[in-house]
Amino acid sequence: ICEYGGGLGLVAYYANALGCPNYTIFDLPLINLFAGNFLIHSLGADAVRLFGEESPTAKVHVLPFWECMNVHDGAYSLALNQDSFPEIDPVLVLDYFRQIKRTTTMYFLSINQEGQAAMGSRSQNAVPDLLRGFPDFKRLYRMKYWIREGYVEELYKLHGK
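In the numbering used here, the protein residues as written are 4 to 164.
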């Protein structure tokens, strides 16, 4: 599993607790400091690999966002994003979709708001609007995300995989 914008690392923490053998977070370096600190203190130093480290026993990898471009094809079965693609520059999100298509063999899970609030000179992104240019992402379902008001959960199957 890989998560774009993993924040503090709570999803990685719970995935590890449920037995996920390999979880990668791609995020901003400053956010990775917080995630690394939380995950090392909650899972142990041997279970977490930070950028630039070698760790054969690590189950959770905390990497800067640009490292998604260095991951080998088909490395993950699931990619997910929550709370960040609407706020990121759309050019970068489109590049993330290209990386997800390349590195992910099965699914993309999006849990994001679609309010498209004003952000300076532009509005926030809506994930389904950005994915219209990616026919290899076939939406399997779309539903209200019951845990958070105003959020939508969508699961996409990656075609050709």
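Ideal Cβ placement from N, Cα and C applies to all residues, glycine included. Since we're looking at a predicted model, the values are computed, not measured.
- Task: List the whole-angstrom C-beta distance separating residue 107 from residue 148, where the pair is believed to meet the contact cut-off of C-beta under 8 Å.
- Result: Residue 107 to residue 148, Cβ: 21 Å. No contact.
- Message: Could you tell me the alpha carbon to alpha carbon distance between residue 28 and residue 18, rounded to whole angstroms?
- Response: The straight-line gap from Cα to Cα measures roughly 12 Å.
- Message: If I measure Cβ to Cβ from residue 156 and keep anything under 6 Å in the same chain, skipping five residues before and after, which residues do I get?
- Response: These residues qualify, in order along the chain: 114, 146 and 148.
- Query: If we count the other Cβ atoms within 10 Å of its Cβ and call it buried at 16 or more, is residue 144 buried or exposed?
  - Reply: It is exposed - the Cβ of residue 144 has fewer than 16 other Cβ atoms within 10 Å.
- Classify residue 142 as helix, strand or coil using the three-state DSSP reduction. Three-state DSSP puts residue 142 in a strand.
- Message: Out of 25, 61 and 55, which one is the CA nearest neighbour of residue 49?
- Response: Among 25, 61 and 55, the Cα nearest to that of residue 49 is on 61.
- Nearest to residue 121 (by Cα), restricted to the options 112, 140, 142 and 92: Measuring from the Cα of residue 121, the nearest candidate turns out to be 92.
- Task: Since I believe residue 42 is in contact with residue 7 (beta carbons under 8 Å), could you give me their beta-carbon distance rounded to a whole number of angstroms?
- Result: Not confirmed; about 17 Å, so no contact.
- Is the closest heavy atom of the ligand ATP to the C-beta of residue 162 under 6 Å? Ligands are entirely absent from the displayed structure, and the ligand ATP is therefore not among its contents.
- Specify the secondary structure class of residue 29 as computed by DSSP and reduced to three states. It is a strand residue.
- Message: I'd like the ranges of any alpha helix (DSSP H) spanning at least 4 consecutive residues and lying wholly in the segment 92 to 121.
- Response: 93 to 106, all fully within the segment 92 to 121.
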